[in-house]
Amino acid sequence: MIKVLDEQANIKIDGKWVTLKAVLVAKRGGKTVVYIDSEGNEVHKEPLCRSQFKGIKLD
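Given below as structure tokens:
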């Protein structure tokens, strides 16, 4: 399952705030939030339980 969580998520990476697209990727190993730049490159990823989206309700 792949689901867009936010088109403009603000995240702090290496001490700088950046705005990226946040996508939820659910696989057998668990749920991961992947942050993608405007060119479609993966910039950062983290487990859903440690992300700013940890309290969301999934359909």
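Note that UniProt numbering has the sequence shown beginning at 1, numbered continuously upward. Ideal Cβ positions, reconstructed from N, Cα and C, are used throughout, including at glycine.
Taking residue i as the reference, give the member of the options with the closest Cα.
i      : options                        : result
Lys-27 : Lys-3, Gly-55, Ile-56, Lys-57  : Lys-3
Glu-46 : Ala-22, Asp-14, Thr-32, Asp-6  : Thr-32
Glu-7  : Gly-40, Met-1, Arg-50          : Gly-40
Gly-29 : Leu-48, Trp-17, Ile-13, Ala-22 : Leu-48
Take residue i and list the residues in its own chain whose beta-carbon comes closer than 7 Å to its own, dropping the five residues that flank it on each side.
i      : result
Leu-20 : Ala-9, Ile-11, Tyr-35, Ile-36, Asp-37, Val-43
For residue i, which of helix, strand or coil comes out of DSSP?
i      : result
Leu-5  : strand
Leu-48 : helix
Using a Cβ-Cβ cut-off of 8 Å (strictly less than) and excluding sequence neighbours within five positions of residue i, which residues of its own chain qualify?
i      : result
Gly-15 : none
Where does the unbroken beta strand (DSSP E) through residue i begin, and where does it stop?
i      : result
Gly-16 : At residue 16 the sequence reads Lys, which differs from the Gly that was named. Per DSSP, Lys-16 belongs to the beta strand (DSSP E) from 16-27.
Gly-55 : It is not in any beta strand (DSSP E) - Gly-55 carries neither H nor E in the DSSP assignment.
Gly-40 : From DSSP, Gly-40 is part of no beta strand (DSSP E); its letter is neither H nor E.
Using the Cβ count rule (16 or more neighbours within 10 Å means buried), how would you classify residue i?
i      : result
Leu-24 : buried
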